[in-house]
Amino acid sequence: MEKKITVLMVDDEEQFRVTTNKILTRRGFDTIMAESGEEAIAKLSQNPDVIILDIKMKGMDGHETLAEIKKRKPKVPVIMLTGHGDLSSARSAHREGAYDYLSKPCDIDVLVGKIRDAHRRSVSPQEYHEKAVIDVMIPIDEYTTLTSEMTVKDAILALKKSFQSQMATSQIMETGHRSLLVVDKYGKVTGALTILDLMQMIMPAYLSAPKPSLADSIQYSPMFWDGMFTTEIKRMAARKIEEVMSPAPYTIDGTANLMEAAFMMLTNNVRRLSVMRGGEVVGVVREQDLFFEMDKILSE
754 MEKKITVLMV DDEEQFRVTT NKILTRRGFD TIMAESGEEA IAKLSQNPDV IILDIKMKGM
814 DGHETLAEIK KRKPKVPVIM LTGHGDLSSA RSAHREGAYD YLSKPCDIDV LVGKIRDAHR
874 RSVSPQEYHE KAVIDVMIPI DEYTTLTSEM TVKDAILALK KSFQSQMATS QIMETGHRSL
934 LVVDKYGKVT GALTILDLMQ MIMPAYLSAP KPSLADSIQY SPMFWDGMFT TEIKRMAARK
994 IEEVMSPAPY TIDGTANLME AAFMMLTNNV RRLSVMRGGE VVGVVREQDL FFEMDKILSE
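For the working numbering, add 753 to where a residue sits in the sequence shown, where the first one is 1.
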């Protein structure tokens, strides 16, 4: 079993520590919390793999703490947290030996990615190379799945729950997924249901009906549709997911490179791909996962 990455989180804001601790633990990390630079130095004896360090703290600030960390644990990568737009402080931290930095508020997917990158480079500095699709995907067990026999109402509640289960403060955000996967009784992916599918579902049927040959000039005015949104979603609530879902996402092998994933998304005009390994769907790679990787590359 692969050893968990141990993260030392240093921040004097209690709510930020509590929220981040819960999220990182759920994402499979071991965590050590410290509310000050002094406490962080004392906890270096617990041998963290990666350190997340806020720059602005009472007492011993982030720069002072970073300098002391580098004296005692020079090989441990440190990711600095800066205020929004505080690039000068981030540049100073980089010169002082920080691995990378993030501005608050920060997206949890970006933070998790930077932690894994930092750890990978610290243990195999000569072996770092561009990541494969499987390295940036969302694991299937973190994605919402439903069976095709379930209803539109079930799907809406499940999507809502995926958003509510995410945690957020003014300093950290974890976004919910905008789609769910539809599976059969054997767990095989048979389709996907997106928010766009739900909006398409409630559109008036006559919009997609063929127009008479002499009626190309017919136009429909949404201003007369008052109340239709509520009526249609209530009417459609009991429909089965299989009646309104999109086809199963295109698939890509987990070992494929990121350029191949980008090419497939652009060529097929899709926002997500199912990731395969050993003939099974093991995750989903989304357009925002590729975007986060673009940011990481430019930040190096």
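Beta carbons: idealized from backbone N, C-alpha and C, even for Gly.
Nothing here was measured: the structure is a model prediction, and the numbers come from that model.
A contact between stretches requires three or more CB pairs, one per stretch, nearer than 8 angstroms, and the segment 1029–1042 meets this requirement with the segment 886–897. Shown here for Leu864: same chain residues with a beta carbon closer than 7 angstroms to its own, the five before and five after excluded, namely Leu855 in chain order.
Residue environment for Gly866: buried (at least 16 other C-beta atoms within 10 angstroms of its C-beta).
Exclusion of the five residues before and after Val936 leaves Thr898, Thr900, Val942 and Thr943 as the residues of its chain whose Cβ lies within less than 7 angstroms of its Cβ. Under the three-state reduction of DSSP, Glu792 is assigned to helix. Contact holds between the segment 1020–1034 and the segment 992–1011, because three or more Cβ pairs, one in each stretch, are under 8 angstroms apart. For Lys857, the number of other beta carbons within 10 angstroms of its own is at least 16, and it is reported as buried.
In this structure, DSSP gives Asp764 a state outside helix and strand, which the three-state scheme calls coil. With a cutoff of 8 angstroms on beta-carbon distance, Pro830 and Ala871 are scored as near each other. Around the C-beta of Pro957, fewer than 16 other C-beta atoms lie within 10 Å, and the residue is accordingly described as exposed.
Only exposed fits Met1012, as fewer than 16 other CB atoms lie within 10 angstroms of its CB. In this structure, the alpha-carbon of Ala843 lies about 26 angstroms from that of Asp783.
For Ile758, there is no enclosing alpha helix (DSSP H), as DSSP gives it neither H nor E.
Taking a contact to require three or more Cβ pairs closer than 8 angstroms, the segment 902–918 and the segment 804–824 do not qualify as touching. Counted as a single uninterrupted DSSP element, the beta strand (DSSP E) harbouring Gly1036 occupies residues Glu1033 to Arg1039. Per the DSSP secondary-structure output, Leu960 pairs with nothing in a beta bridge.
Taking Lys811 as the centre and dropping the five residues before and after it, the same chain places the C-beta of Asp765 and Ser789 closer than 8 angstroms to its C-beta, in chain order. Between Ile955 and Met989, the CB-CB gap stays under 8 angstroms. By the neighbour-count criterion, in which a residue is buried when 16 or more other Cβ atoms sit within 10 angstroms of its Cβ, Pro827 is exposed.
Of the candidates Ala846, Ile776 and Asn800, the residue whose Cα lies closest to the Cα of Lys809 is Ala846.
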